[in-house]
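Residue numbers (full-length UniProt numbering), protein chains in the order written: chain A, 1 to 111; chain B, 1 to 99. Each residue gets a CB set at the ideal place from its N, CA and C atoms; glycine is no exception.
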């Protein structure tokens, strides 16, 4: 049984390698909204993602119920190492983007 | 820096309303449609890759033994699928610099 589950899970992981890319998202929305030009749908999709990025750059959050929440986290400065030369480099503190999937999304992924 | 607050669907709909000049109702419906298609792909086991933004990546986790941290009782954690987000290089740079 465990073996079967493992194979199923590997198959699902393989399926997960397929991806919907930006242009396919645009096509799907354009197909749902024939009254809009492709240019407009592209502007819509750009506006959607740019607004999220800009809000995060301002230090804010974006919460999309049912999908998830985007926020940023502070990373302290640290001494890193160039993996090729082994040289130490100072990595300054910075903010990094973070996404936490919503409850409904998590449940939907597992039926 | 951190008083930028929280945006919701309504704010994204406002941006769409302003940049496309569509009605607020249509803008809200389109925002829903963007999210809906992303959710559907992920629910179908398909990753979502948005160039210039980032990738939503599904990962399948095997079964493992967990422990209730309060009681110490061992409980099996069923195999499950989780969603992770990896921001694009350009988003990382924009956010590291702030505004």
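Cβ of residue i within 9 Å of any chain B Cβ
| i | result |
| --- | --- |
| residue 50 (chain A) | yes |
| residue 38 (chain A) | no |
| residue 80 (chain A) | no |
| residue 57 (chain A) | yes |
| residue 43 (chain A) | yes |
| residue 66 (chain A) | yes |
| residue 85 (chain A) | no |
| residue 76 (chain A) | no |
| residue 16 (chain A) | With a pLDDT of 47 at residue 16 (chain A), under the threshold of 50, the modelled position of that residue is not reliable, and the figure given next carries that caveat. Chain B, which has a Cβ nearer than 9 Å to the Cβ of residue 16 (chain A), makes this yes. |
| residue 105 (chain A) | yes |
| residue 90 (chain A) | no |
Element boundaries [alpha helix (DSSP H), containing residue i]
| i | result |
| --- | --- |
| residue 36 (chain B) | 24 to 43 |
Residue-level contact to chain A via CB, residue i, 9 Å cutoff
| i | result |
| --- | --- |
| residue 51 (chain B) | yes |
| residue 1 (chain B) | Reliability fails at residue 1 (chain B), whose pLDDT of 49 lies under 50, so the model's placement of it is uncertain and the value that follows must be treated cautiously. By this cut-off, residue 1 (chain B) is an interface position. |
| residue 46 (chain B) | yes |
| residue 96 (chain B) | yes |
| residue 54 (chain B) | yes |
| residue 23 (chain B) | no |
| residue 92 (chain B) | yes |
| residue 28 (chain B) | no |
| residue 34 (chain B) | yes |
Contacts that residue i makes with chain A (C-beta to C-beta distance below 9 Å)
| i | result |
| --- | --- |
| residue 75 (chain B) | Simply none; closest approach about 17 Å. |
Residues that residue i contacts on chain B, provided the C-beta gap is smaller than 7 Å
| i | result |
| --- | --- |
| residue 60 (chain A) | 4, 5, 6 and 7 |
| residue 101 (chain A) | 83 |
| residue 110 (chain A) | 80 and 81 |
| residue 115 (chain A) | Limits of chain A in this structure are 1 at one end and 111 at the other, which puts residue 115 (chain A) out of reach. |
Listed by chain order, chain A residues near residue i by CB distance under 7 Å
| i | result |
| --- | --- |
| residue 87 (chain B) | 97 |
Residue i: first and last residue of the uninterrupted beta strand (DSSP E) it sits in
| i | result |
| --- | --- |
| residue 74 (chain B) | 74 to 77 |
| residue 100 (chain A) | 94 to 101 |
| residue 55 (chain B) | 54 to 61 |
| residue 13 (chain B) | Run containing residue 13 (chain B): none in the beta strand (DSSP E); it sits in the alpha helix (DSSP H), 9 to 20. |
| residue 96 (chain B) | Not the beta strand (DSSP E): residue 96 (chain B) falls in the alpha helix (DSSP H), residues 89 to 97. |
Under 9 Å from the C-beta of residue i: neighbouring residues of chain B
| i | result |
| --- | --- |
| residue 73 (chain A) | Residues of chain B passing the Cβ test: none, with the nearest at roughly 10 Å. |
At which residue ranges does the stretch 28 to 68 of chain A contain complete beta strand (DSSP E) runs of 3 or more residues, listed in the order of the chain?
-> You should have 61 to 64.
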